[in-house]
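J.:
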Amino acid sequence: MFIFLYFILIGSIFTALASTPERFVADLDSSMEAFEAEHRLHVQKKAHELNNYIFRNKDDFSAWCENRRQQFDSFKQRITAIWGYFLEPSGKCWVEYGKDSNSVSIVDFETGVVTVEVLVSNGTSAEQRRRAIKGAVARTVT
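This is the structure:
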């Protein structure tokens, strides 16, 4: 669009060169006014498109945030049902629950203490308990 207007402007200059100086200035002013008007319309259109984009994405982002909050609340409820409590990470303490939610790793950076807890049922063999603990420790350090 701007290239087309540029050629109109150049064409007006060459046409005006063949006429009087007053006519040249008038043609040049007319071409510049047309170019500026076209440019203003283009900028307004792009600004309108940008505002629509921001408005749509703001709604999408709000919906995404609400969805994530609901997922986190569901996660907290599930962990609380399994463990009886829910530990949240902080700036000084890292908390990670295992994929099956039957293990939790807590790293306290302030004290330098690492705690790994594993839930196992009463009928679990010693070997199965060892493997569960070993897996939870490996997840913590990797």
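In our numbering, the protein residues as written are 23 to 164.
Glycine included, every Cβ here is placed at the ideal spot set by N, Cα and C.
(1) Roughly how many angstroms separate the alpha carbons of Asp122 and Ala148, rounded to a whole number?
(2) Starting from Cys115, follow its DSSP beta bridges and name the residues at the other end.
(3) From the DSSP output, in three-state form, read off Val163 for me.
(4) Using a Cβ-Cβ cutoff of less than 6 Å, which residues in the same chain neighbour Ile128 once the five nearest sequence positions on both sides are dropped?
(5) Which residues mark the beginning and the end of the beta strand (DSSP E) in which Val135 is found?
(6) Would you check if the distance between the CB atom of Gly120 and the CB atom of Arg91 is smaller than 8 Å?
(7) Are the CB atoms of Val140 and Ser125 nearer to each other than 8 Å?
(8) Could you round the C-beta distance between Trp151 and Val142 to whole angstroms and report it? I think they count as a contact, below 8 Å.
(9) Leaving aside the five residues before and after Glu132 along the sequence, list all residues of the same chain whose C-beta is less than 7 Å from its C-beta, in chain order.
(10) Would Ser53 be called buried (16 or more neighbouring beta carbons within 10 Å of its own) or exposed?
(11) Give the secondary structure of Ser123 by DSSP, where H, G and I count as helix, E and B as strand, and everything else as coil.
(12) Whole-angstrom Cβ separation of Phe108 and Thr102, contact assumed at under 8 Å?
(13) Restricting to Cα atoms, I'd like to know which of Thr146, Ser112, Asn144 and Gly145 is closest to Asp130.
(14) Express the C-alpha separation of Val163 and Ser238 in angstroms, rounding to a whole number.
T.: Quick look at the numbers:
(1) As a first step, residue 122 is located in the sequence shown; it is residue number 100 there, counting from the start. As a first step, residue 148 is located in the sequence shown; it is residue number 126 there, counting from the start. Taking C-alpha positions only, Asp122 is separated from Ala148 by approximately 20 Å.
(2) Translated into positions along the sequence shown, residue 115 becomes position 93. The bridge partners DSSP lists for Cys115 are Asp130.
(3) In the sequence shown, residue 163 corresponds to position 141, counting from 1. Here Val163 carries a helix assignment [DSSP, helix/strand/coil].
(4) Here residue 128 refers to the residue found at position 106 when the sequence shown is read from its first residue. Only Val117 and Thr137 meet the Cβ criterion.
(5) Here residue 135 corresponds to residue number 113 of the sequence shown, with the count starting at 1. Segment Val135 to Val140, the beta strand (DSSP E) holding Val135.
(6) In the sequence shown, the residue the question calls residue 120 occupies position 98. In the sequence shown, the residue the question calls residue 91 occupies position 69. No; because the gap between Cβ atoms is not below 8 Å, this pair is not in contact.
(7) As a first step, residue 140 must be located in the sequence shown, where it is residue number 118. As a first step, residue 125 must be located in the sequence shown, where it is residue number 103. In this structure, Ser125 lies closer than 8 Å to Val140 by Cβ.
(8) Along the sequence shown, one-based indexing puts residue 151 at 129. Along the sequence shown, one-based indexing puts residue 142 at 120. For the sequence presented, residue 151 should be read as Arg rather than Trp. Contact between Arg151 and Val142 holds: their C-beta atoms lie close to 5 Å from each other, under 8 Å.
(9) Here residue 132 is taken as the residue at index 110 of the sequence shown, counted from 1. Apart from sequence neighbours up to five positions away, the residues of its chain that approach Glu132 with a beta-carbon distance below 7 Å are Lys114, ordered along the chain.
(10) Within the sequence shown, residue 53 is the residue found at index 31, counting from 1. Classification for Ser53: buried.
(11) As a first step, residue 123 must be located in the sequence shown, where it is residue number 101. Three-state DSSP puts Ser123 in coil, outside helix and strand.
(12) Counted from its first residue, the sequence shown places residue 108 at position 86. Counted from its first residue, the sequence shown places residue 102 at position 80. Indeed they touch by this definition, with Cβ atoms about 5 Å apart.
(13) Translated into positions along the sequence shown, residue 130 becomes position 108. Selected option, being the one with the closest Cα: Ser112.
(14) For the chain, the structure presents residues 23 to 164; residue 238 sits outside this window and is missing.
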